[in-house]
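Novice: The opening position of the sequence shown corresponds to residue 617 in the working numbering, with each subsequent residue numbered one higher.
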Amino acid sequence: MSDAIKHECGIAMVRLLKPLAYYREKYGDALWGLNKLYLLMEKQHNRGQEGAGVAAVKLNVRPGEEYIFRERAEGTGAIQDIFASINRAMVNYRKEEPEAATEELPFAGDMYMGHLRYSTTGRSGVSYLHPFLRRNNWRSRNLSLAGNFNLTNVDEILDFIVSQGQHPRHNADTFIILEQLGYLLDEEVERHFKEFKAQGLKGQEMNDAIEQHIDIETILREASAHWDGGYVITGIVGSGDLFAFRDPQGIRPAFWYADDEVVVVASERPVIQTVFDLAVEDVRELLPGQSIIVKRTGEMSLNRIHPAEKPAPCSFERIYFSRGSDCDIYRERKELGRLLTESILKSVDGDLEHTIFSFIPNTAEIAYYGMVQGVREWLDKQKSDLICGQKDTLTCDEIRKILSREVRTEKLAIKDIKLRTFIAEGNSRNDLAAHVYDTTYGTVREGVDSVVVIDDSIVRGTTLRQSIIKILCRQKPKRIVVVSSSPQVRYPDCYGIDMSRMGEFIAFHAAVALLKERGMESVVKSVYDRSKAQMELPKEQVVNYVQEIYAPFTDEEISDKIAEMITPEDCPSEIKVVYQTIENLHKACPAHQGDWYFSGNYPTPGGNRLVNRAFVDWYEKTYLSCCRK
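(1) Would you mind working out which of 795, 840, 755, 691 sits nearest residue 805, comparing C-alpha positions?
(2) On the DSSP bridge list, what partners appear for residue 725?
(3) To the nearest angstrom, report how far apart residue 896 and residue 889 are at their CA atoms.
(4) Is it right to say residue 1058 is buried, meaning 16 or more other beta carbons lie within 10 angstroms of its own, or is it exposed?
(5) Between the alpha carbons of residue 728 and residue 625, how many angstroms are there, rounded?
(6) When you compare only the Cα positions, how much space is there between residue 1226 and residue 1217?
(7) At what residues does the alpha helix (DSSP H) containing residue 953 begin and finish?
(8) Going residue by residue through the segment 1125 to 1180, where are the continuous beta strand (DSSP E) segments of at least 3 residues, counting only ones entirely within it?
(9) Would you mind working out which of 1028, 1215, 1163, 1200 sits nearest residue 1231, comparing C-alpha positions?
(10) So, do the segment 691 to 698 and the segment 758 to 766 have three or more beta carbon pairs nearer to each other than 8 Å?
(11) How long is the line joining the alpha carbons of residue 733 and residue 745, rounded to whole angstroms?
(12) Based on the DSSP secondary-structure assignment, which residues constitute the bridge partners of residue 860?
(13) Given a cut-off of 8 Å on the beta-carbon distance, is the pair residue 1192 and residue 1095 in contact?
(14) Pull up the DSSP beta-bridge partners for residue 901, would you.
(15) With three or more beta-carbon pairs closer than 8 Å as the criterion, would you say the segment 1093 to 1111 touches the segment 1059 to 1076?
(16) How many Å lie between residue 1004 and residue 1116 at the Cα?
(17) Please return the same chain residues whose Cβ sits closer than 6 Å to the Cβ of residue 858, not counting the five positions on each side in sequence.
(18) Which whole-angstrom value describes the C-beta separation of residue 862 and residue 902, a residue pair presumed to lie in contact below a C-beta threshold of 8 Å?
(19) Return the residue from the list 1015, 1178, 1028 that minimises the CA-CA distance to residue 1075.
(20) Inspect the CB distances between the segment 1208 to 1224 and the segment 951 to 962 and report whether three or more fall short of 8 Å.
(21) Return the first residue and the last residue of the alpha helix (DSSP H) that residue 711 is part of.
(22) May I have the straight-line CA-CA distance separating residue 1038 from residue 1052, to the nearest angstrom?
(23) Hey, quick one: how far does the alpha helix (DSSP H) through residue 812 stretch, first residue to last?
(24) Roughly how many whole angstroms lie between the Cα atoms of residue 633 and residue 968?
(25) Can you tell me whether DSSP reads residue 1251 as helix, strand or coil?
(26) Pick out the complete alpha helix (DSSP H) segments inside the segment 1189 to 1223, 4 residues or longer, and give them in chain order.
(27) So what does DSSP say about residue 758, is it helix, strand or coil?
(28) Under a Cβ-count criterion, where at least 16 other Cβ atoms within 10 Å of its own Cβ denotes burial, should residue 1105 be classed as buried or exposed?
(29) Which residue from 1221, 1185, 1174 puts its Cα closest to that of residue 1157?
(30) So, are the CB atoms of residue 1073 and residue 936 less than 8 Å apart?
(31) Could you pull out every residue in the same chain whose Cβ sits closer than 7 Å to the Cβ of residue 1210, ignoring the five residues on either side in sequence?
(32) Under a Cβ-count criterion, where at least 16 other Cβ atoms within 10 Å of its own Cβ denotes burial, should residue 1061 be classed as buried or exposed?
(33) Is it buried or exposed, residue 1118, if we count other Cβ atoms within 10 angstroms and call 16 or more buried?
(34) The alpha helix (DSSP H) spanning residue 779 covers which residue range?
(35) Keeping to the same chain, check which residues put their C-beta closer than 8 Å to that of residue 999; ignore five residues upstream and five downstream.
(36) Looking only at its chain, what residues have a beta carbon closer than 6 Å to the beta carbon of residue 812, apart from the 5 residues adjacent to it on each side?
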């Protein structure tokens, strides 16, 4: 998208099922698993650019030796920094212990967990990077946790665990979940301790029995009973149990692969395919409400933690976030572009002879192929109908002329350079930002040609207004049509993507502007009053009244207003905006019905509470202050 939104997080897990010596003999490297983790993380670097973290656990180490390792780093180069640090730790250990076996090196583990972070809510800094670690002298009470998630009811969960006597260090959802799971893990260990003590077990025999009988499935089920949000939670217990768990609506994605050598979990399917050279059918999706658990013994199980509710996998994964190399996502993105054909042709009055098609780099490229395919199919039908309708009168030259008609495609919008604007302020900064994009000069006939450019989504419209349209206007086309392969983004997200404020959405500003123009500002006040009145209600009783802001208008009316809002001053061209419909979104992505960004239909009660708070916050902090001026 032209206006980049912060990515959600990514996860990666590798559980080796053989001794390290096995991988040394077969693959020539005892650190084969660590290398695979690195590749899984690098292949998902698009999902987290704020920081990253790695945890490793060793099995069968002697008492007094470290068996849990963790490394975290901030910044866009975090993955490289982490693995450079891991390598240094290994080199330094070799210097201290020249005769040490590979199995003794730091991070030479049996199981690994990696995380890529882009904070969606809460604070930033190394201490907030996953994996989180809960320490204890008992191996079975150590817990490392990472995930791609955001819970909407952290306050409720915090109150609950405090009522049990816990005292978390922070109120962020990751800390809360860590403490909640850790508390239940402690209870599980304590329960078995009493059970086996009564049976006369003690010492190492007691410890081994406890570690063998930890019931991860029950811990996950009890902890998550009242979680509201989208999540994939991954964890490693110090004694060797590993798990990954997906929310009941399947909002956030997770995929896995297993054979007799390894169990792998990651946020995206093609990443696992590439790293392990697998066919698409080899990699399975973790189902909504399902967990994958690998015991210390290597025994793997799939468990239904909660019954799958009405599935609502995030559609933005298909439109933007996940890699387009996934075979299903590639097909869906093409279809999103193709389904826009009718609306696009209407926007240029069916005049293909004087229309150039292009895309806004880079995630819209696949949708662009689908758009061009759809327009070509329409044109082919026009050619066929014309020839068949006049086949007895057309000359060969006339037929050749009809057949020569083509869809005109050019690369018009070019992301030239990532400009550094930290030295500039105010108008100077805006001027620099306006030149992030460039155009291919000489491709447009001034005042004659229309230009159609497709983007995957239009969220804020800032880059369009400040850069892309300004640049395209320099060629003075007759008309510029900006096409979004997604519907209008109208509502905030609360499940792991940084779109939490009403004031971020140009569709919202367009609807409010239309209410003002038509003397309907009372709708804004009415929505505020009713939203404010339910601020203290339980989330299950909260209604999304914000939908009434959009209700008086058609999608086309809002699109036309957006076009007006993103039109730069002194623009010589007519500006139009075409959005995908929600109906066509569902056609293109039938298995991913999570459309709350566009429809306001949140899959959990916490979503309604979030949009309610977001609107009240916007009204009190922005709208009222603007009205006073």
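We treat Cβ as the ideally placed atom computed from N, Cα and C, and that holds for glycine. Quantities reported herein were computed from a predicted structural model and do not represent experimental measurements.
Specialist: Looking at the coordinates:
(1) In the sequence shown, the residue the question calls residue 805 occupies position 189. Among 795, 840, 755, 691, the Cα nearest to that of residue 805 is on 755.
(2) On the sequence shown, position 109 is the one that residue 725 refers to. None; residue 725 has no bridge partner.
(3) Here residue 896 refers to the residue found at position 280 when the sequence shown is read from its first residue. Here residue 889 refers to the residue found at position 273 when the sequence shown is read from its first residue. Cα to Cα, the separation comes out at about 7 Å.
(4) Residue numbering aside, residue 1058 sits at position 442 when the sequence shown is read from its first letter. Exposed is the call here.
(5) Position 112 of the sequence shown, counted from the start, is the residue given in the question as residue 728. Position 9 of the sequence shown, counted from the start, is the residue given in the question as residue 625. Answer to the nearest angstrom: the Cα atoms are 17 Å apart.
(6) Walking along the sequence shown from the start, residue 1226 turns up at place 610. Walking along the sequence shown from the start, residue 1217 turns up at place 601. For residue 1226 and residue 1217, the distance between alpha carbons rounds to 12 Å.
(7) To locate residue 953, count along the sequence shown from 1; it is residue 337. Where residue 953 is concerned, the enclosing alpha helix (DSSP H) stretches over 943 to 954.
(8) none
(9) Translated into the one-based positions of the sequence shown, residue 1231 becomes position 615. For the residues 1028, 1215, 1163, 1200, the minimum Cα distance to residue 1231 belongs to 1163.
(10) no
(11) The count along the sequence shown starts at 1 and reaches residue 733 at position 117. The count along the sequence shown starts at 1 and reaches residue 745 at position 129. For residue 733 and residue 745, the distance between alpha carbons rounds to 7 Å.
(12) In the sequence shown, counting from the first residue as 1, residue 860 sits at position 244. By DSSP's assignment, residue 860 forms a beta bridge with 850, 908.
(13) By one-based count along the sequence shown, residue 1192 stands at place 576. By one-based count along the sequence shown, residue 1095 stands at place 479. Against a cut-off of 8 Å, the Cβ pair of residue 1095 and residue 1192 comes out as a contact.
(14) The count along the sequence shown starts at 1 and reaches residue 901 at position 285. Answer is 871, bridged to residue 901.
(15) yes
(16) Here residue 1004 is taken as the residue at index 388 of the sequence shown, counted from 1. Here residue 1116 is taken as the residue at index 500 of the sequence shown, counted from 1. Straight-line Cα distance between these residues: approximately 55 Å.
(17) Residue numbering aside, residue 858 sits at position 242 when the sequence shown is read from its first letter. Cβ within range, chain order: 631, 727, 852, 910.
(18) In the sequence shown, the residue the question calls residue 862 occupies position 246. In the sequence shown, the residue the question calls residue 902 occupies position 286. Between residue 902 and residue 862 the Cβ distance is about 5 Å, and since that is below 8 Å, they are a contact.
(19) On the sequence shown, position 459 is the one that residue 1075 refers to. Among 1015, 1178, 1028, the Cα nearest to that of residue 1075 is on 1178.
(20) no
(21) Residue numbering aside, residue 711 sits at position 95 when the sequence shown is read from its first letter. Run containing residue 711: 694 to 712, per the alpha helix (DSSP H) assignment.
(22) Taking the first residue of the sequence shown as position 1, residue 1038 is located at position 422. Taking the first residue of the sequence shown as position 1, residue 1052 is located at position 436. Interpretation of residue 1038 is limited by its pLDDT of 43, a score under 50 that renders its predicted location unreliable; no figure is taken from the coordinates.
(23) Taking the first residue of the sequence shown as 1, we reach residue 812 at position 196. Residue 812 -> alpha helix (DSSP H) spans 789 to 814.
(24) Mapped onto the sequence shown, residue 633 falls at position 17. Mapped onto the sequence shown, residue 968 falls at position 352. Looking at the two C-alpha atoms, the distance is approximately 59 Å.
(25) What is shown of the chain runs 617 to 1245, which leaves residue 1251 out entirely.
(26) 1198 to 1204, 1212 to 1215
(27) In the sequence shown, residue 758 corresponds to position 142, counting from 1. DSSP places residue 758 in coil when its eight states are reduced to three.
(28) As a first step, residue 1105 is located in the sequence shown; it is residue number 489 there, counting from the start. By the 10 Å Cβ count, residue 1105 comes out buried.
(29) Your numbering for residue 1157 matches position 541 in the sequence shown. Selected option, being the one with the closest Cα: 1221.
(30) Here residue 1073 refers to the residue found at position 457 when the sequence shown is read from its first residue. Here residue 936 refers to the residue found at position 320 when the sequence shown is read from its first residue. A contact, by the Cβ cut-off of 8 Å.
(31) On the sequence shown, position 594 is the one that residue 1210 refers to. Cβ neighbours of residue 1210 beyond the five flanking positions: 867, 928, 929, 930, 931, 1219.
(32) The sequence position of residue 1061 within the sequence shown is 445, counting from 1. With fewer than 16 other Cβ atoms within 10 Å, it is exposed.
(33) In the sequence shown, counting from the first residue as 1, residue 1118 sits at position 502. The residue in question, residue 1118, is buried, as its Cβ has 16 or more Cβ neighbours within 10 Å.
(34) In the sequence shown, counting from the first residue as 1, residue 779 sits at position 163. First-last of the alpha helix (DSSP H) with residue 779: 770 to 779.
(35) In the sequence shown, the residue the question calls residue 999 occupies position 383. Excluding positions up to five away in sequence, the list reads 1018, 1019, 1021.
(36) In the sequence shown, the residue the question calls residue 812 occupies position 196. 822, 825, listed in sequence order.
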